[in-house]
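What follows is one structure encoded as structure tokens, with my remarks underneath.
Number of protein chains: 2
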Amino acid sequence: MTNFYHIRDLSSNFEDYLKIIGDLEAGKDQVRSKVIAKTMKVKPSSVTNALQVLREQKLITYEPYGPISMTSKGKRFWLIIHQKYKTVKGFLTEILEIDHETADKLACTIEHKISPQVTERILLLKQFLKDENLCGTNAIDRLHDFFSKRTEESEKEIGKEIPRFLLSVLKPGEKATIHKIDGDKAIRQKFLDMGLIRGQEVVVERVAPLGDPIEITVRGYSLSLRKSEAELVIVK
Amino acid sequence: MTNFYHIRDLSSNFEDYLKIIGDLEAGKDQVRSKVIAKTMKVKPSSVTNALQVLREQKLITYEPYGPISMTSKGKRFWLIIHQKYKTVKGFLTEILEIDHETADKLACTIEHKISPQVTERILLLKQFLKDENLCGTNAIDRLHDFFSKRTEESEKEIGKEIPRFLLSVLKPGEKATIHKIDGDKAIRQKFLDMGLIRGQEVVVERVAPLGDPIEITVRGYSLSLRKSEAELVIVK
DNA sequence: GGTAAATTTTAGACATGACTAACTTTTACC
DNA sequence: GGTAAAAGTTAGTCATGTCTAAAATTTACC
Numbered sequence: 001m002t003n004f005y006h007i008r009d010l011s012s013n014f015e016d017y018l019k020i021i022g023d024l025e026a027g028k029d030q031v032r033s034k035v036i037a038k039t040m041k042v043k044p045s046s047v048t049n050a051l052q053v054l055r056e057q058k059l060i061t062y063e064p065y066g067p068i069s070m071t072s073k074g075k076r077f078w079l080i081i082h083q084k085y086k087t088v089k090g091f092l093t094e095i096l097e098i099d100h101e102t103a104d105k106l107a108c109t110i111e112h113k114i115s116p117q118v119t120e121r122i123l124l125l126k127q128f129l130k131d132e133n134l135c136g137t138n139a140i141d142r143l144h145d146f147f148s149k150r151t152e153e154s155e156k157e158i159g160k161e162i163p164r165f166l167l168s169v170l171k172p173g174e175k176a177t178i179h180k181i182d183g184d185k186a187i188r189q190k191f192l193d194m195g196l197i198r199g200q201e202v203v204v205e206r207v208a209p210l211g212d213p214i215e216i217t218v219r220g221y222s223l224s225l226r227k228s229e230a231e232l233v234i235v236k
Numbered sequence: 237m238t239n240f241y242h243i244r245d246l247s248s249n250f251e252d253y254l255k256i257i258g259d260l261e262a263g264k265d266q267v268r269s270k271v272i273a274k275t276m277k278v279k280p281s282s283v284t285n286a287l288q289v290l291r292e293q294k295l296i297t298y299e300p301y302g303p304i305s306m307t308s309k310g311k312r313f314w315l316i317i318h319q320k321y322k323t324v325k326g327f328l329t330e331i332l333e334i335d336h337e338t339a340d341k342l343a344c345t346i347e348h349k350i351s352p353q354v355t356e357r358i359l360l361l362k363q364f365l366k367d368e369n370l371c372g373t374n375a376i377d378r379l380h381d382f383f384s385k386r387t388e389e390s391e392k393e394i395g396k397e398i399p400r401f402l403l404s405v406l407k408p409g410e411k412a413t414i415h416k417i418d419g420d421k422a423i424r425q426k427f428l429d430m431g432l433i434r435g436q437e438v439v440v441e442r443v444a445p446l447g448d449p450i451e452i453t454v455r456g457y458s459l460s461l462r463k464s465e466a467e468l469v470i471v472k
């Protein structure tokens, strides 16, 4: 069931390995077998097996116990995979406002399957929504307002109204889900870059004496927010 | 690696079988092992194997050589799978204007992986685009115009301008790709229902003496179009 | 430089889900 | 109702990709 969007003779499974090797190589560190195993959530022996297959395909160079690095062929394929991944993940997080973790998992599974046409259309859809202006707000913003409104409505319908607060009033150890982010476009983009999007769970770690700054954990990362910033985030 | 969107103890592979059994049962015919095999593109013995697994999970009732039918548990799960499938395929065909065949394949692979939240957001996105009116056209139509325009532009850029015709001028045996469909919303919806969307390949089978009606093949199905209808379809 | 810990590899087991080939049951038709 | 064809099953094989356990190599540190 090979199809032409895939690398010839490489099951989508090994595309995953290639993707991770590429991602790691893009970071500064030496690519270690152990890290690959951890990221893929498999045992090191499975990684060795995968490395041998990738080497056979001339996608990476590697000797037993030696360093791992991608060949130019490998880099070329990684780029293709990576573009698809970025497109799908971007669509899920930026347009559908899906939390990063879920979006990541989903993007990983479907990136192998999508044709260049689908990727292109998703990018065009995004472009279209960004460009569509009405009363100074673009369509993505209006879409997100639409999401909030509908979620609130359906929550009301099933009678489970969940109280909402500003992130700035939470105490250390408290956990909450982001409901909405106020503020202008630039601020919202900044929050988006930090992984703070609607539906994302956050945990407050520490609050400085005067409530500024506030340290929170998002998807395993620690972030420090000014009080003025935390006041823009509505959580539940 | 089970996750809660899946049926417990059922690999996504067997969800495929369940989906097809449900689809067939939704049609009028008795569900036959042979048809399942053909649809899944596997040998009959693999189907037998799958049927045994599905029976173990109490999703279908079935005796060797006997009839196959879904239990209420099976129907419940099928509905969940089917909804996801419909949502994803609808998004791909109606919003991204991907051809049915590609959309079908992609929807089948990703339907197992998406969470209820993603499904919901996709539906809301569709709703949003439908409701957004500007100058009497909704956002989906404007999006599709945007797709055509961009495709034309990029074709021009790489210098391969492809001539365009009305479908009505093609002769029997000629093949073409749909580029655009003119006409009002109702007509376009009718074409959409028949599987005539941008990017879809069609083959002209027969043309009656005065050019009316025109018989074409789309994705293996035969359709008969009035000349007046065929004149609304621009192909290349 | 020696040795313990960490990392990586090898070898072999195992689960999954496809396949082939041979067999059984059902269906269709005379 | 008998028989050939079609449909479906069983048993066993195979490929894939994981795992465990043990061995080999590298690294880190005294």
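Quick mapping for you: the protein sequence lines, in order, are chains A and B.
If you read the first sequence in our numbering, its first letter stands for residue 1, the second for the next number, and so on.
If you read the second sequence in our numbering, its first letter stands for residue 237, the second for the next number, and so on.
In this text, a Cβ means the ideal position worked out from N, Cα and C, and glycines have one as well.
Asked	Found
Among residues of its own chain, excluding the 5 on either side of M430/B, which ones have a beta-carbon nearer than 6 Å to its beta-carbon?	L459
Given a limit of 9 Å on CB to CB distance, which residues of the region 117-139 of chain A reach chain B?	Q117, V118, E120, R121, I122, L124, L125, Q127, F128, L129, D131, E132, L134 and A139
Quick one, which of L124/A, Q200/A and V207/A has its alpha-carbon nearest S390/B's?	L124/A
Any heavy atom of the ligand PLP closer than 7 Å to the Cβ of V283/B?	For the structure depicted, the ligand PLP is absent and the ligand set is empty, with no information on it obtainable.
I'd like the list of long-range same chain contacts for R206/A, defined as Cβ closer than 8 Å, with 5 residues on each side in sequence excluded.	P172, I214 and E215
Output the distance between the C-alpha atoms of E97/A and S12/A, rounded to the nearest integer angstrom.	27 Å
For E333/B, return the contacting residues in chain A, with the cut-off set at a CB-CB distance below 9 Å.	R121
Pull out every residue of the region 305-326 of chain B whose Cβ sits closer than 8 Å to any Cβ of chain A, in chain order.	none
In whole angstroms, give me the CA-to-CA distance for L225/A and D212/A.	8 Å
Contact defined as beta carbons within less than 8 Å: I believe T307/B pairs with K294/B. What is the distance between those atoms, to the nearest angstrom?	6 Å
Output needed for H348/B: all residues of its chain with C-beta closer than 6 Å, excluding positions within five of it in sequence on either side, in chain order.	S248 and E251
Under 8 Å, do I317/B and S305/B count as touching if we go by C-beta distance?	no
Would you list the one or two residues that DSSP bridges to I475/B?	Only positions 237 to 472 of chain B appear in this structure, which leaves residue 475/B out of reach.
Among A37/A, K38/A, T217/A and E201/A, which one has its Cα closest to the Cα of K236/A?	E201/A
When you check each C-beta in the region 378-391 of chain B against every C-beta of chain A, which residues fall closer than 7 Å?	L379, F382, F383 and R386
Using a Cβ-Cβ cutoff of less than 6 Å, which residues in the same chain neighbour T2/A once the five nearest sequence positions on both sides are dropped?	Because the pLDDT at T2/A is just 29, under 50, the model does not fix this residue reliably, and the value given afterwards should be weighed accordingly. None.
What residue range does the beta strand (DSSP E) around Y321/B cover?	Run containing Y321/B: none in the beta strand (DSSP E); it sits in the alpha helix (DSSP H), S308 to G326.
Going by C-alpha to C-alpha distance, which of K274/B, I417/B, M276/B and I331/B sits closest to S464/B?	I417/B
Identify whether R434/B lies in helix, strand or coil by the three-state DSSP scheme.	coil
With burial defined as no fewer than 16 other Cβ atoms inside 10 Å of the residue's Cβ, what is the status of Y221/A: buried or exposed?	exposed
Establish whether the CB of S222/A and some CB of chain B are separated by less than 8 Å.	no
Which residue or residues does DSSP assign as beta-bridge partners of I450/B?	V443/B and L461/B
Which stretch, first to last residue, makes up the alpha helix (DSSP H) that contains I272/B?	S269 to M276
So with Cβ pairs under 8 Å, would you call L192/A a contact of chain B?	no
Over what stretch of residues does the alpha helix (DSSP H) that includes D252/B continue unbroken?	S248 to A262
Give the straight-line distance between the Cα atoms of D29/A and K362/B, rounded to the nearest whole angstrom.	43 Å
With distances taken between CB atoms, is the gap from F147/A to R291/B smaller than 8 Å?	no
Around the Cβ of V169/A, are there at least 16 other Cβ atoms within 10 angstroms (buried) or fewer (exposed)?	exposed
To be precise: take each residue of the region 22-36 of chain A, compare its Cβ to all Cβ atoms of chain B, and keep it if any distance is under 8 Å. Which residues remain?	none
Which residues of chain A have a Cβ atom closer than 8 Å to the Cβ of I346/B, listed in chain order?	L106, T109, I110 and K113
With respect to the alpha helix (DSSP H) encompassing L359/B, which residues constitute its N-terminal and C-terminal limits?	P352 to D367
State the start and end residues of the unbroken alpha helix (DSSP H) segment that holds K190/A.	K185 to D193
Can you grab the Cα-Cα spacing for the pair E132/A / R268/B, in whole Å?	50 Å
Using alpha carbons as the reference points, say which of T355/B, A466/B, R386/B and V324/B lies closest to D340/B.	V324/B
By the DSSP assignment, the alpha helix (DSSP H) with R378/B in it spans what residues?	A375 to E393
Please work out which residues of its chain come closer than 6 Å, Cβ to Cβ, to K41/A, disregarding the five sequence neighbours upstream and downstream, and give them in chain order.	none
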